[in-house]
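Residue numbers (this note's numbering), protein chains in the order written: chain A, 80 to 160; chain B, 2 to 254. Accompanying notes for the structure given below.
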Ligand SMILES: [Fe+2]
Ligand SMILES: [Fe+2]
């Protein structure tokens, strides 16, 4: 069973790359839930990644813990000497 | 002293157009140059290339960029390079450029780079043509990067790539995918030529700070890593450079 959910995680990852153009998302299938973790660039992409995952999740529930990257202006510089 | 601003993995698209640029208003006062470490787009279309060019045009500092793997996804890398150049961005792919920063010459050599893995845990130029092509793509680039760094007539040199020259800055990524994130061949070329800093992106879950095996400072500036619109690095010009330039001047007289 564990082996099968790993194949499913791989298929979801393929779908995330093909449909949502996201490569760095961690996919874990635990029982009936697919967990998504990682960083995306916008709220819309967070939703698109969830939809892409759902399309390959074979009816499982999606737990979307993707985080939208904060792009604040820098506060400090690093001195390299 | 040279002030370098750097960011990678902007991954722009229509729904976020203008959002990145809005964070760059202070940049011109903080830095002498802005280095962009690839993955400017989400899936490498010409339309996204135009959006990326819009984010980076007329920033008040020279912008030097390399492309990343996402910028190649739709086969429009040449078009993307073209629109970026039209917007005044210098795009490097195995080439270099030298900027005059108030009397100090800053040399930058760079390009996308590629993977293969790191010392003792890497792909070899052996076996099937597909495997050889993979490793040779990295090796050819590393050779050009090294030659280009060596040829730069500059006081301070920076290597700019998308893929990582060091495993240090991949910390946080799964070990299994390190061969797709960078190559020791890049680090080896940088160490052989010498550089003051190596800047890369691509490893979204990696770490900002690391070193090449030869001790060159490496910085992973992927936006998800730095969590800011750009990182700022201040490079003090080594005294040896001043001594060398003085000597050069003496001999010229
Ligand atoms: Fe990226
Ligand atoms: Fe990338």
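Ideal Cβ positions, reconstructed from N, Cα and C, are used throughout, including at glycine.
Three-state secondary structure assigned by DSSP to residue i
i	result
residue 245 (chain B)	Residue confidence is low: residue 245 (chain B) scores 49 on pLDDT, short of 50, so the model does not pin down where it sits. No coordinate-derived value is stated.
residue 167 (chain B)	coil
residue 1 (chain B)	Nothing in the structure corresponds to residue 1 (chain B), since chain B is present only between 2 and 254.
residue 208 (chain B)	coil
residue 109 (chain B)	strand
residue 1 (chain B)	Because chain B here runs from 2 to 254, residue 1 (chain B) falls outside it and cannot be looked at.
residue 230 (chain B)	coil
residue 144 (chain A)	strand
residue 252 (chain B)	Because the pLDDT of residue 252 (chain B) is 43, which lies under 50, any placement of that residue in the model is unreliable, and the number read from its coordinates should be weighed accordingly. Looking at residue 252 (chain B) - three-state DSSP - the assignment turns out to be helix.
residue 36 (chain B)	strand
residue 27 (chain B)	coil
residue 9 (chain B)	strand
residue 85 (chain A)	helix
residue 194 (chain B)	helix
residue 189 (chain B)	helix
residue 152 (chain A)	coil
residue 4 (chain B)	strand
Residue of the options minimising C-alpha distance to residue i
i	options	result
residue 221 (chain B)	B:8, B:2 and B:3	B:8
residue 178 (chain B)	B:206, B:36 and B:161	B:206
residue 33 (chain B)	B:83, B:184, B:43 and B:108	B:108
residue 167 (chain B)	B:208, B:234, B:53 and B:4	B:208
residue 175 (chain B)	A:96, A:102 and A:97	A:102
residue 98 (chain A)	B:82, B:43, B:63 and B:181	B:43
residue 172 (chain B)	B:63, B:83, B:237 and B:226	B:226
residue 187 (chain B)	B:197, B:198 and B:140	B:140
residue 229 (chain B)	A:157, A:152 and A:135	A:152
residue 211 (chain B)	B:142, B:169, B:97 and B:63	B:169
residue 59 (chain B)	B:79, B:181 and B:25	B:25
residue 119 (chain A)	A:155, A:148 and A:160	A:148
residue 97 (chain B)	B:5, B:144, B:27 and B:153	B:153
residue 116 (chain A)	A:95, A:135 and A:150	A:95
residue 201 (chain B)	B:195, B:10, B:216 and B:132	B:10
residue 39 (chain B)	B:118, B:13, B:31 and B:22	B:13
residue 185 (chain B)	B:199, B:214 and B:158	B:214
residue 116 (chain B)	B:106, B:136 and B:147	B:136
residue 216 (chain B)	B:84, B:145, B:158 and B:195	B:195
residue 132 (chain B)	B:199, B:49 and B:181	B:181
residue 155 (chain A)	B:28, B:76, B:149 and B:219	B:28
residue 49 (chain B)	B:95, B:75, B:35 and B:30	B:75
residue 127 (chain A)	A:83, A:114 and A:100	A:100
residue 239 (chain B)	B:51, B:80 and B:106	B:106
residue 5 (chain B)	B:22, B:30 and B:23	B:30
residue 78 (chain B)	B:51, B:61, B:237 and B:204	B:51
residue 107 (chain A)	A:138, A:158 and A:84	A:84
residue 160 (chain A)	B:223, B:232, B:231 and B:218	B:218
residue 64 (chain B)	B:89, B:41 and B:183	B:89
residue 237 (chain B)	B:156, B:203, B:204 and B:81	B:156
residue 47 (chain B)	B:72, B:37 and B:144	B:72
residue 81 (chain B)	B:61, B:45, B:93 and B:62	B:45
beta-carbon residue i near ligand 4 non-hydrogen atom, thresh 7 Å
i	result
residue 223 (chain B)	Looking at this structure, you won't find ligand 4 anywhere; what it does contain is ligand 1 and ligand 2.
Are three or more beta carbon pairs between the stretch 133-147 of chain A and the stretch 182-195 of chain B nearer than 8 Å? no
Environment of ligand 2 in chain order, Cβ to heavy atom below 6 Å: B:40, B:69, B:70, B:71, B:163 and B:203
Going along the chain, which unbroken runs of the beta strand (DSSP E) with 3 or more residues stay wholly within the stretch 119-184 of chain B? 157-162
Unbroken stretches of the beta strand (DSSP E), 3 residues or longer, contained in the stretch 54-100 of chain B: 64-67
Fully enclosed by the stretch 90-142 of chain A, which alpha helix (DSSP H) runs are 4 residues long or longer? 122-135
Touch test, the stretch 61-74 of chain B against the stretch 122-132 of chain B, Cβ-Cβ under 8 Å, three pairs minimum: no
Are three or more beta carbon pairs between the stretch 153-172 of chain B and the stretch 111-118 of chain B nearer than 8 Å? yes
Can we say the stretch 95-108 of chain B touches the stretch 125-140 of chain B, given the rule of at least three CB pairs closer than 8 Å? no
Report yes or no: do three or more beta-carbon pairs, one from the stretch 42-58 of chain B and one from the stretch 9-18 of chain B, lie closer than 8 Å? yes
The stretch 126-138 of chain A contacting the stretch 85-95 of chain A, beta-carbon criterion three pairs below 8 Å: yes
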